[in-house]
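In the numbering used here, the protein residues as written are 6 to 432.
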């Protein structure tokens, strides 16, 4: 979604919306524009706006706001408050989730009493990591927001997180507790949101990418404010289903990017190469689309592998390699939760099987391996060889082509391997 469309979608934000704004560059003007637009629209809707300072340059935000509104008047009449993070979150010296929730309740009640229609807040939480048990406090705060604030008070919020300050596992947990996500100039309802009941105790270790993806089936059939409603005509309905499937796959690849940029870029390359092979083989359009999507998510299981193993610069130990070999099964388990993705799940499960039966995880061979998986296996190997890896530099294309040909009939389907090497992977 382009930046202007994201800003347009901001008009649809209403009281009760709990958003997470993940960013990796606080100086990016598009990120600043999102915050500025959020504040302006909240003020235009006669809401009390509470902006808590963080990594973003407050002076730059204020200068952008001044182009559209009278900042001094908004601050003077109490509609806009710019607050230092320490004053807002930790007047007692330490961040207290429960005290912050009580403060929000008080501020919201005062805003309504003063004639404002709602209360809106945007706060930076990355700094809380400096506290003892900082991430536990962040997660407790986010759960309390969902359980005590948004269902009971007219509040909207953008929680800002600099992903460079959090581990991949932490970011996964953060994604899971926010119904709406903003990332890379995209805003949409979050298919991985897991609603937590009031009585559920907070145990962040139990959260997993599996549970993030388990809601994907419901999301597929959900009409959200950020998508067109299903039309009566069959053609329109099919187009919508394809669009939703594409959104799901794109969102999955976004998680790959958060976990490991190499894996995300590699998956995009594999998808493109697999599609080219499928086209050269004359496959049906529907098969080509399915192969492309499977290529995009073929390594989604690696999000469940510790990042220190995925990005290790030295040789993997036997135990580490055995862990890595589980990623096709991990991917199958999470993708197979959705009827829309069952076929893709089977393809992804088999993309490390070998023609001679010596692959993993199930040691199947020959044409027992799905055609799509045989195609992706070749594209996967070629791109892995011709890309820089944490433990080595890229091989040249001629070397990679020879490897593909030399392993035709052992590792790879011989016919597809020769076709790919001679007609697709051109030096």
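Beta carbons: idealized from backbone N, C-alpha and C, even for Gly.
Legend entry - N-terminal and C-terminal residue of the alpha helix (DSSP H) that residue 190 is part of: Where residue 190 is concerned, there is no enclosing alpha helix (DSSP H), given that its DSSP letter is neither H nor E.
Inset, instruction - Give the C-beta separation of residue 303 and residue 353 to the nearest angstrom, bearing in mind that I take them to be a contact with Cβ-Cβ under 8 angstroms. - result: Right, the Cβ-Cβ distance comes to about 5 angstroms (below 8 angstroms), so this counts as a contact.
Inset, instruction - With a 10 Å radius around its C-beta and 16 neighbouring C-beta atoms as the bar for buried, classify residue 111 as buried or exposed. - result: Classification for residue 111: exposed.
Inset, instruction - Assign residue 416 to one of two classes, buried (16 or more other C-beta atoms within 10 Å of its C-beta) or exposed (fewer than that). - result: Counting Cβ neighbours within 10 Å, residue 416 comes out buried, since at least 16 surround it.
Legend entry - Top-ranked residue by Cα proximity to residue 143, from 311, 42, 105: Comparing Cα-Cα distances from residue 143 to each of 311, 42, 105, the minimum goes to 105.
Inset, instruction - Measure the alpha-carbon distance for residue 51 versus residue 320 and round it to whole angstroms. - result: When the Cα atoms are used, residue 51 and residue 320 turn out to be separated by approximately 59 angstroms.
Inset, instruction - Please check the pair residue 55 and residue 125, which I expect to be a contact at CB under 8 angstroms, by giving their CB distance rounded to whole angstroms. - result: About 7 angstroms; that satisfies the 8 angstroms criterion.
Legend entry - alpha helix (DSSP H) runs contained entirely in the segment 61 to 145, provided each spans 4 or more residues: Taken in chain order, the complete alpha helix (DSSP H) segments of 4 residues or longer contained in the segment 61 to 145 are 63 to 71, 76 to 81, 90 to 94, 102 to 118.
Legend entry - Limits of the unbroken alpha helix (DSSP H) element including residue 53: Residue 53 -> not in any alpha helix (DSSP H); beta strand (DSSP E) instead, spanning 53 to 57.
Inset, instruction - Find the nearest neighbour of residue 402 within the set 373, 389, 38, 149, judged by alpha-carbon distance. - result: Residue 402 has its Cα closest to that of 389, out of 373, 389, 38, 149.
Inset, instruction - Tell me whether residue 167 sits in a helix, a strand or coil according to DSSP, three-state version. - result: Three-state result, residue 167: strand.
Legend entry - Beta-carbon proximity check, residue 328 vs residue 305, cutoff 8 angstroms: No, these two residues do not count as a Cβ contact at 8 angstroms.
Legend entry - Helix, strand or coil at residue 31 according to DSSP, with G and I counted as helix: Residue 31: coil per DSSP, three-state reduction.
Inset, instruction - Decide if the segment 365 to 375 is in contact with the segment 291 to 298; the criterion is three or more beta carbon pairs, one per stretch, under 8 angstroms apart. - result: Contact fails: fewer than three Cβ-Cβ distances are below 8 angstroms.
Legend entry - Own chain, CB closer than 6 angstroms to residue 93, minus 5 neighbours either side, in chain order: Excluding residues within five positions, the ones whose Cβ falls inside 6 angstroms are 57.
Inset, instruction - Classify residue 77 as buried or exposed, calling it buried when 16 or more other Cβ atoms lie within 10 Å of its own Cβ. - result: A residue is called buried when at least 16 other Cβ atoms come within 10 angstroms of its Cβ; residue 77 does not meet this threshold and is exposed.
Inset, instruction - Using only the heavy atoms of the ligand MG, determine whether one of them is closer than 7 angstroms to the beta carbon of residue 290. - result: This structure lacks the ligand MG; in fact it carries no ligand of any kind.
Inset, instruction - Could you check if residue 386 is buried or exposed, using at least 16 other CB atoms within 10 Å of its CB as the buried criterion? - result: Around the beta carbon of residue 386, 16 or more other beta carbons lie within 10 angstroms, which makes this residue buried.
Inset, instruction - Please work out which residues of its chain come closer than 6 angstroms, Cβ to Cβ, to residue 405, disregarding the five sequence neighbours upstream and downstream, and give them in chain order. - result: Only 387, 390, 391 meet the Cβ criterion.
Inset, instruction - Hey, could you find the ends of the alpha helix (DSSP H) residue 419 is sitting in? - result: From DSSP, the alpha helix (DSSP H) with residue 419 extends over 419 to 424.
Legend entry - Contacts around residue 454, its chain only, beta-carbon distance under 8 angstroms, and the 5 residues preceding and following it disregarded: Because the chain is modelled from 6 through 432, residue 454 falls outside the range shown and cannot be assessed.
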